[in-house]
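Structure, as structure tokens:
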Amino acid sequence: MSSSQIDPVTALIHHPYAPPAGFAAPQPGTFKASTVIFPNVAAMRARNWKEKSGYTYGLHGTPSTFLLEERLCALEGGLQCLLAPSGLAAIATVALGLLRTGDEVLIPDNAYGPNKALAEGELAAWGITHRLYDAMDPADLAARISARTRLVWLEAPGSVTMEFPDLPELVRVCRARGVTTALDNTWGAGLAFQPFDLGGDGTRGLGVDISVHALTKYPSGGGDVLMGSVITRDEALHLKLKLSHMRLGVGVGANDVEAVLRSLPSMALRYRAHDAVARELALWCAQQPPFVQVLHPALPGAPGHDHWRHLCAPGLAAGLFSVIIDPRFTSSQVDAFCDALRLFKLGYSWGGPMSLVVPYDLASMRNPWPARVRRGTLVRFSIGLENAADLRDDLQQALRAALA
Ligand SMILES: *Cc1c(COP(=O)(O)O)cnc(C)c1O
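For the sequence shown, position 300 (counting from the first letter as 1) is numbered 921 according to this note's numbering, and the numbering increases by one without interruption.
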């Protein structure tokens, strides 16, 4: 069919193109597709969504998504990866893939809040029960595992209160009982420790079964992308999750994949920069009388500091910490402190260039009040990439304005 015989509109749609061969650049090309074209019917019938040897439909993978999956596996030490449209969607993919009516899932008491909300909502409605365990007490986890326990969530450190658990020991407890473990690895990001090699000896003798990562945070690094990943090292487990992932229609947009691929190469440098300034400010905060406790796992005396020191050798941490404000200050004084900050913006999430602050009502999130956390009002800071002295001055002026 020559283009002279067909309408220009048709010719435009069928204008031939081939992906460039022999073209190389630092960044990969971006491939956008819902439809994927097959060379003939036999190829269409032969292709299998389970394999990465060919493409079937944009939802099941493109060269862009496959490349991001492979790079994330390289980062976290995994073998297979699924991408989801948010970190929470990645968490939900694991839950919906592995849990059925009558099953039970165990969740740390200090887990990312929406993980608990999913269990209280959809999972409960489908007859899947959940129990919370004390993440700082492996014996408590062991006591709660029952014949119905199909999945144990892990998180290091805990959300908001930042207690660092004995992660290798928690995994040992689950392994001894044959229960699948899924780690929310957003904080560690594949940099602070290796989720599939918790023994740190390169043998992969001890590791989680599943690592979930909110790519929204450090892999994006811009505060402008929502995405999540589910990484495994077991083909059968991966295919089980992939089947649910496919049936649920979970996928990601090519532009977002492009943004994450662009940001990944600088992630290790950014992580160290966030970490260095967060630690400097956490130490400074520890000297300010209105802050009765600073919750940062790298600070000696912080809950689980020794566990952090053992696992995260030679000592990396994300750019997050919380402070407990003296209970003599009212909640409106604490709100005024947050409002008085100029560089720290009020907003959820973290991992981008801008520092953020959120006051939390810990009493409504944790019942009973966490044993290792002093009484008071919790405020969480996520440190961006600003100059450390500017951020310290901002904290100082807000303290003077609201908590004098
Ligand atoms: C942000 C976050 C998530 C969820 O990621 P979204 O992309 O915002 O859905 C999950 N776990 C942790 C620990 C997070 O910080």
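Ideal placement from N, C-alpha and C gives every residue a C-beta, glycine not left out.
| Identity of the residue in Ser985, Asp787, Tyr733 nearest Met757 by Cα | Comparing Cα positions, the closest option is Asp787.
| request: Check whether the stretch 941-949 touches the stretch 913-921, counting contact only when three or more Cβ pairs, one atom from each stretch, lie closer than 8 angstroms. | output: Result yes; three or more Cβ-Cβ pairs closer than 8 angstroms.
| message | For Gly872 and His834, what's the separation of their Cα atoms in angstroms? | response | Going by the C-alpha atoms only, they are around 15 angstroms apart.
| message | Taking 8 angstroms as the cut-off, does the stretch 998-1009 touch the stretch 971-978 (at least 3 CB pairs, one atom from each stretch)? | response | Taking a cut-off of 8 angstroms on C-beta distances, the stretch 971-978 touches the stretch 998-1009, as three or more cross pairs fall below it.
| task | For Glu672, count neighbouring Cβ atoms within 10 angstroms of its own Cβ and tell me buried if that reaches 16, exposed if not. | result | Exposed, because fewer than 16 other Cβ atoms sit within 10 Å of the Cβ of Glu672.
| request: Leaving aside the five residues before and after Ala768 along the sequence, list all residues of the same chain whose C-beta is less than 7 angstroms from its C-beta, in chain order. | output: Within the same chain, Ala768 has no close Cβ partners at all.
| field | Selection from Leu772, Leu720, His895 that minimises the alpha carbon distance to Trp747 | value | Ranked by Cα distance from Trp747, the options Leu772, Leu720, His895 are led by Leu720.
| said: Using a Cβ distance threshold of 8 angstroms, determine whether the stretch 981-992 contacts the stretch 785-800, with at least three qualifying pairs required. | reply: No, the stretch 981-992 is not in contact with the stretch 785-800.
| request: Can you tell me which of the three DSSP states Trp990 falls into? | output: Trp990 carries a coil assignment under DSSP once its states are collapsed to helix, strand and coil.
| query | Which residues have their C-beta within less than 5 angstroms of a heavy atom of ligand 1, listed in chain order? | reply | Selection output, chain order preserved: Ser707, Gly708, Leu709, Tyr733, Asp805, Thr807, Ala835, Thr837, Leu847.
| task | Leaving aside the five residues before and after Thr770 along the sequence, list all residues of the same chain whose C-beta is less than 7 angstroms from its C-beta, in chain order. | result | Hits under 7 angstroms: Glu725, Leu727, Val800.
| Comparing the C-beta of Gly643 with each C-beta of chain D, is any distance below 8 angstroms? | Although the question refers to chain D, the structure presented lacks it and comprises just one protein chain.
| Which two residues bound the contiguous alpha helix (DSSP H) that contains His931? | For His931, the uninterrupted alpha helix (DSSP H) run begins and ends at 926-932, by DSSP.
| task | For His751, write down the residues that DSSP places opposite it in a beta bridge. | result | In the DSSP output, where bridge partners are listed per residue, His751 has Val726.
| Ala984 classed as buried or exposed, judged by whether at least 16 other C-beta atoms fall within 10 angstroms | Ala984 counts as exposed, since fewer than 16 other C-beta atoms from the protein chains shown sit within 10 angstroms of its C-beta.
| query | Do you know whose CA, among Leu703, Asn731, Leu1024, Leu1020, lies nearest His681's CA? | reply | Comparing Cα-Cα distances from His681 to each of Leu703, Asn731, Leu1024, Leu1020, the minimum goes to Leu703.
| request: Specify the secondary structure class of Trp971 as computed by DSSP and reduced to three states. | output: Three-state DSSP puts Trp971 in coil, outside helix and strand.
| task | Over the uninterrupted beta strand (DSSP E) stretch that includes Trp808, give me the two end residues. | result | For Trp808, there is no enclosing beta strand (DSSP E), as DSSP gives it neither H nor E.
| query | Among Asn736, Ser887, Thr837, which one has its Cα closest to the Cα of Ala705? | reply | For Ala705, the nearest C-alpha among the options comes from Thr837.
| query | Just checking my contact of His928 with Phe785 at CB under 8 angstroms: how many whole Å lie between their CB atoms? | reply | Cβ-Cβ separation between His928 and Phe785: approximately 5 angstroms, consistent with a contact (criterion under 8 angstroms).
| said: Under DSSP, the beta strand (DSSP E) around Ala797 begins and ends at which residues? | reply: For Ala797, there is no enclosing beta strand (DSSP E); the enclosing alpha helix (DSSP H) covers residues 788-797.
| request: Select from Trp670, Leu962, Asp947 the residue whose C-alpha is nearest the C-alpha of Pro910. | output: The shortest Cα separation from Pro910 among Trp670, Leu962, Asp947 belongs to Asp947.
| request: Determine the contact status of Gly844 and Ser970, defining contact as a CB-CB distance below 8 angstroms. | output: Yes, the pair counts as a contact, with Cβ atoms nearer than the cut-off.
| message | Spatial neighbours of Ser655 within its chain, please: C-beta separation below 6 angstroms, excluding the five flanking residues on both sides. | response | Cβ within range, chain order: Gly679.
| In this structure, does DSSP put Gln908 in helix, strand or coil? | In this structure, Gln908 counts as coil in the three-state DSSP scheme.
| field | Cβ-based neighbour list, Arg668, same chain, cut-off 6 angstroms, excluding 5 preceding and 5 following | value | Taken in chain order, the residues that qualify are Gly675, Thr677.
| query | Hey, which unbroken runs of the beta strand (DSSP E) at 3 residues or more fall wholly within the stretch 864-922? | reply | The stretch 864-922 is shown to contain whole beta strand (DSSP E) runs of 3 or more residues at 912-916, in chain order.
| task | Compare the C-alpha of Arg883 against each of Pro729, Thr686, Lys737 and name the closest. | result | Nearest in C-alpha terms to Arg883, of all of Pro729, Thr686, Lys737, is Thr686.
| Based on the DSSP output, what are the partners of Pro980 in its beta bridges? | Answer is Val1000, bridged to Pro980.
| query | Going along the chain, which residues of its own chain have a beta-carbon closer than 7 angstroms to the beta-carbon of Phe814, five neighbours each way excluded? | reply | Excluding sequence positions up to five before and after Phe814, its CB lies within less than 7 angstroms of the CB of Leu932, Cys933, all in the same chain and listed in chain order.
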